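Structure, as structure tokens:
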Amino acid sequence: MMRSDRRQLYMSARLRLRRHPKQALLVVVGLWLAICLFTFDRLVHHKDFGRWFWNYAISWHPALAHIVPIGDWTPCCENPPRWFPDIYEAPWMGTFQAPTLSAPVYNKEGLLISPVIAKLNIFSTVTEEARQKRHLIRSLTVLDQLPPAYRHLVEVKFVLGHAQNKDGTVNEQMEAIIDEEQKKHGDLIRLKLKNGENLREGKLLNWIRAVGAGEDGGRPGQYLFKVDDDSILNLPKFLDVLVTLNPQDPIYLGTSLNRWPAFHAHMTGMVTGFSWPLVETLTAGITNMPRSEIEAWYDDDVLTGEVMYNLPSAPNCRAPAKPDGQQLTKPAYCDPRTPPPWGWVSNPPNKDPRTGLIRYDFLRRMADPKLWFFCPGDIVSHSWHYKFLDDYKRAWTKRIKGKMWNPPRKMKALADPNA
Numbered sequence: 349m350m351r352s353d354r355r356q357l358y359m360s361a362r363l364r365l366r367r368h369p370k371q372a373l374l375v376v377v378g379l380w381l382a383i384c385l386f387t388f389d390r391l392v393h394h395k396d397f398g399r400w401f402w403n404y405a406i407s408w409h410p411a412l413a414h415i416v417p418i419g420d421w422t423p424c425c426e427n428p429p430r431w432f433p434d435i436y437e438a439p440w441m442g443t444f445q446a447p448t449l450s451a452p453v454y455n456k457e458g459l460l461i462s463p464v465i466a467k468l469n470i471f472s473t474v475t476e477e478a479r480q481k482r483h484l485i486r487s488l489t490v491l492d493q494l495p496p497a498y499r500h501l502v503e504v505k506f507v508l509g510h511a512q513n514k515d516g517t518v519n520e521q522m523e524a525i526i527d528e529e530q531k532k533h534g535d536l537i538r539l540k541l542k543n544g545e546n547l548r549e550g551k552l553l554n555w556i557r558a559v560g561a562g563e564d565g566g567r568p569g570q571y572l573f574k575v576d577d578d579s580i581l582n583l584p585k586f587l588d589v590l591v592t593l594n595p596q597d598p599i600y601l602g603t604s605l606n607r608w609p610a611f612h613a614h615m616t617g618m619v620t621g622f623s624w625p626l627v628e629t630l631t632a633g634i635t636n637m638p639r640s641e642i643e644a645w646y647d648d649d650v651l652t653g654e655v656m657y658n659l660p661s662a663p664n665c666r667a668p669a670k671p672d673g674q675q676l677t678k679p680a681y682c683d684p685r686t687p688p689p690w691g692w693v694s695n696p697p698n699k700d701p702r703t704g705l706i707r708y709d710f711l712r713r714m715a716d717p718k719l720w721f722f723c724p725g726d727i728v729s730h731s732w733h734y735k736f737l738d739d740y741k742r743a744w745t746k747r748i749k750g751k752m753w754n755p756p757r758k759m760k761a762l763a764d765p766n767a
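With this note's numbering applied, the sequence shown corresponds to residues 349 to 767, in that order.
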């Protein structure tokens with residue numbers, strides 16, 4: 349083809365585009381969507397991290413849950429989550445108050461009693477390996493990421509059960525070691541759990557209830573977080589996010605990227621948190637639950653997500669009676685056991701129109717470092733390799749050491765004047 353012919357075709361194409369701009373735009377958008385869909389299809393079928401890409405796609409818009417190709421797993425069926433009547437019948441989150449922060453306050457015994465922004469509860473176990481991991485985490489001095497005048501605003505504790513032998517008797521030797529550890533550090537939350545220690549048979553619910561009831565030996569907090577001991581938390585950036593939120597709102601925090609699509613929307617367990625009004629509601633509900641229900645075997649991440657579907661309704665879903673005694677008609681979504689307009693597969697709207705719950709999703713900011721090209725993981729880094737002491741320390745040194753929180757000016761009044 350001659351150069352003049354190619355130029356003539358080019359000019360003709362430009363002329364058609366100018367005459368039909370809407371059609372041209374539709375073609376471009378259609379091609380772009382097709383490329384995106386094809387790309388996500390390839391990523392979703394990634395051997396190790398396919399669901400991460402699927403979850404990221406549906407976080408853009410709930411409808412994408414029905415469009416983006418499903419990977420090699422069982423898709424979530426259109427069935428409601430498990431029903432927890434005691435959670436549903438608990439007082440609504442809006443009836444509770446989040447604690448107000450202040451400069452350090454001490455009681456007569458000289459113990460710090462003023463509230464914290466975040467209660468960081470690291471889930472541990474009663475094994476010797478877990479004890480060594482606790483020692484390592486303490487040695488890395490997590491609170492050193494905060495200026496001395498603000499270290500009273502964060503509390504770090506470890507959550508574990510009790511040591512038992514295989515025959516169900518108390519492991520006296522390990523219990524004595526852990527008791528000595530508690531006397532030395534005073535940062536252990538001991539729970540009475542089924543089989544002494546477990547993760548998926550009641551530990552999560554028992555922990556929430558114990559902390560909410562003040563049985564953890566800790567201080568009041570605006571937020572409560574479960575932290576896995578193979579997660580590395582960038583505390584300065586984490587606090588930068590928390591101080592922008594309203595702790596009075598009912599908030600469920602975490603990342604959905606590692607969510608198993610076969611289950612209802614939930615945050616995955618590397619770091620999962622709740623604002624204090626939500627903790628109060630959960631505590632009230634769990635307190636009334638039978639032990640058999642609390643200790644039923646279930647994945648803790650999925651369980652937490654399903655509990656969020658059972659929260660009590662906000663005032664807008666509690667239709668008052670008219671003067672003539674008739675009930676006002678409530679929207680269909682006000683019944684937690686009927687399919688909502690957006691279905692069970694899609695992520696619920698934010699905030700949840702029935703409960704007022706806000707699901708704060710950190711998405712790519714909490715991630716596995718293997719996905720560095722996709723997920724920065726700048727707030728939480730999580731990896732199977734972090735279960736090993738040397739790998740954990742190496743990653744902490746690389747990602748966290750030397751970082752320091754710069755509190756916003758509005759928090760100046762909270763500083764310790766004696767620091």
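Every residue gets a Cβ at the ideal spot worked out from N, C-alpha and C, and that includes glycine.
The model shown is predicted, which means the values in this text are computed figures rather than measured ones.
Checklist entry - Which residues in the same chain have their Cβ closer than 7 Å to the Cβ of K532, if we skip the five residues on either side of it in sequence? => result So the list is empty, once near-sequence residues are dropped.
Item to check | C665 beta carbon less than 7 Å from that of R702 | outcome: Taking 7 Å as the Cβ cut-off, R702 and C665 qualify as a contacting pair.
Next on the checklist: Could you check whether the stretch 578-585 touches the stretch 640-657, counting it as contact only if at least three pairs of C-beta atoms, one from each stretch, sit closer than 8 Å?
Outcome noted: No, they do not touch.
Checklist entry - When burial is assigned at 16 or more other CB atoms within 10 Å of the CB, is Q521 buried or exposed? => result With fewer than 16 Cβ atoms within 10 Å of its Cβ, Q521 is classed as exposed.
Checklist entry - Within the chosen definition, does the stretch 558-578 reach the stretch 457-474 through at least 3 CB pairs nearer than 8 Å? => result Per the Cβ contact rule, the stretch 558-578 is in contact with the stretch 457-474 (3 or more Cβ pairs under 8 Å).
Checklist entry - If you compare alpha carbons, which of V693, W608, S661 and L583 is closest to G725? => result Considering only alpha carbons, the answer is L583.
Checklist entry - For L572, which of helix, strand or coil comes out of DSSP? => result L572 falls in the strand class under three-state DSSP.
Checklist entry - Taking buried to mean at least 16 other C-beta atoms within 10 Å of its own C-beta, is N714 buried or exposed? => result Position check: residue 714 holds Met in this sequence, whereas Asn was assumed. With a threshold of 16 other beta carbon atoms within 10 Å, M714 meets it and is buried.
Next on the checklist: Going by DSSP in three states, L468 sits in which element: helix, strand or coil?
Outcome noted: Strand at L468.
Checklist entry - Looking at C-alpha atoms only, which residue of T517, V490 and R486 is the closest neighbour of Q530? => result Per the Cα distances, R486.
Checklist entry - According to DSSP, what are the bridge partners of K699? => result Its beta-bridge partners do not exist; DSSP assigns none.
Next on the checklist: Please identify the residue among T616, R567, P595 and P433 whose C-alpha is closest to the C-alpha of L605.
Outcome noted: Out of T616, R567, P595 and P433, T616 has the C-alpha closest to the C-alpha of L605.
Next on the checklist: Assuming the contact rule is C-beta atoms closer than 8 Å, L539 and V504 should be a hit. Round their C-beta distance to whole Å, please.
Outcome noted: Incorrect: roughly 17 Å between the Cβ atoms, too far for contact.
Item to check | Opposing strand residues paired with D709 [DSSP bridges] | outcome: DSSP lists G602 as partners of D709.
Next on the checklist: Here's the rule: buried if 16 or more other CB atoms are within 10 angstroms of the residue's CB, otherwise exposed. What is G398?
Outcome noted: Label assigned to G398: buried.
Checklist entry - Mind checking whether V627 and L572 have CB atoms under 7 Å apart? => result A Cβ-Cβ contact shorter than 7 Å links V627 with L572.
Checklist entry - Cβ of W690 within 7 Å of Cβ of Q493? => result Their beta carbons are not under 7 Å apart, which means W690 does not touch Q493 by this criterion.
Checklist entry - Of the residues D709, N698 and D649, which one's Cα is nearest the Cα of F586? => result Relative to the Cα of F586, the nearest Cα in the group D709, N698 and D649 belongs to D709.
Checklist entry - Are the stretch 741-748 and the stretch 585-600 in contact at 8 Å, needing three or more beta carbon pairs? => result No contact exists between the stretch 741-748 and the stretch 585-600.
Checklist entry - What did DSSP end up calling F722 once you bin it into helix, strand or coil? => result Note: F722 maps to coil in three-state DSSP.
Checklist entry - Is it a yes or a no for the stretch 724-739 touching the stretch 453-466, going by three-plus beta-carbon pairs under 8 Å? => result Segments in contact, no.
Checklist entry - Assuming A761 and Q570 make a contact with CB atoms under 8 Å, what is their CB distance in whole Å? => result About 16 Å separates the two Cβ atoms, so there is no contact after all.
Item to check | C-alpha distance - P717 paired with V490, whole-angstrom precision | outcome: The straight-line gap from Cα to Cα measures roughly 20 Å.
Checklist entry - Since S640 is in the alpha helix (DSSP H), which residue starts that stretch and which ends it? => result Note, S640: alpha helix (DSSP H), R639 to I642.
Checklist entry - For Y454, is the classification buried or exposed, using 16 other Cβ atoms within 10 angstroms of its Cβ as the cut-off for buried? => result Exposed, because fewer than 16 other Cβ atoms sit within 10 Å of the Cβ of Y454.
Item to check | Where Q851 sits in the DSSP three-state scheme | outcome: Absent from the structure is residue 851, since the part of the chain shown begins at 349 and ends at 767.
Checklist entry - In the structure shown, what three-state DSSP assignment does V559 receive? => result V559 sits in a helix when the DSSP states are folded into three classes.
Checklist entry - Just the Cα atoms here: how many angstroms apart are I556 and M759? => result As the crow flies, the alpha-carbon of I556 is around 28 Å from that of M759.
Item to check | For M618 and Y740, the rounded distance between their alpha carbons | outcome: The alpha-carbon of Y740 is positioned some 14 Å away from that of M618.
Checklist entry - What residue does the beta strand (DSSP E) around F506 start on, and which one ends it? => result Per DSSP, the continuous beta strand (DSSP E) segment holding F506 begins and ends at V502 to L508.
Item to check | Residues sharing a beta bridge with V474, DSSP | outcome: For V474, which the question treats as bridged, DSSP gives no partner whatsoever.
Checklist entry - Does the count of Cβ pairs from the stretch 427-438 and the stretch 632-646 closer than 8 Å reach three? => result Below 8 Å, enough C-beta pairs join the stretch 427-438 and the stretch 632-646 to call them touching: three or more.
Checklist entry - Whose C-alpha, out of W608, R482 and N543, is nearest the C-alpha of Y404? => result Of the candidates W608, R482 and N543, the one whose C-alpha sits nearest the C-alpha of Y404 is W608.
Next on the checklist: Taking 6 Å as the limit between beta carbons, can you name the residues of its chain near P755, skipping five residues before and five after?
Outcome noted: Closer than 6 Å at Cβ, skipping near neighbours: Y498.
Next on the checklist: Within 10 Å of its beta-carbon, does E643 have 16 or more other beta-carbons around it, so buried, or fewer, so exposed?
Outcome noted: Answer is buried; the Cβ neighbour count reaches 16.
Item to check | Beta-carbon contacts of I537 that lie in its chain and below 6 Å, excluding the five residues immediately before and after | outcome: In the same chain as I537, and ignoring 5 residues on each side of it, the C-beta atoms closer than 6 Å to its own belong to K505, V507 and D564, in chain order.
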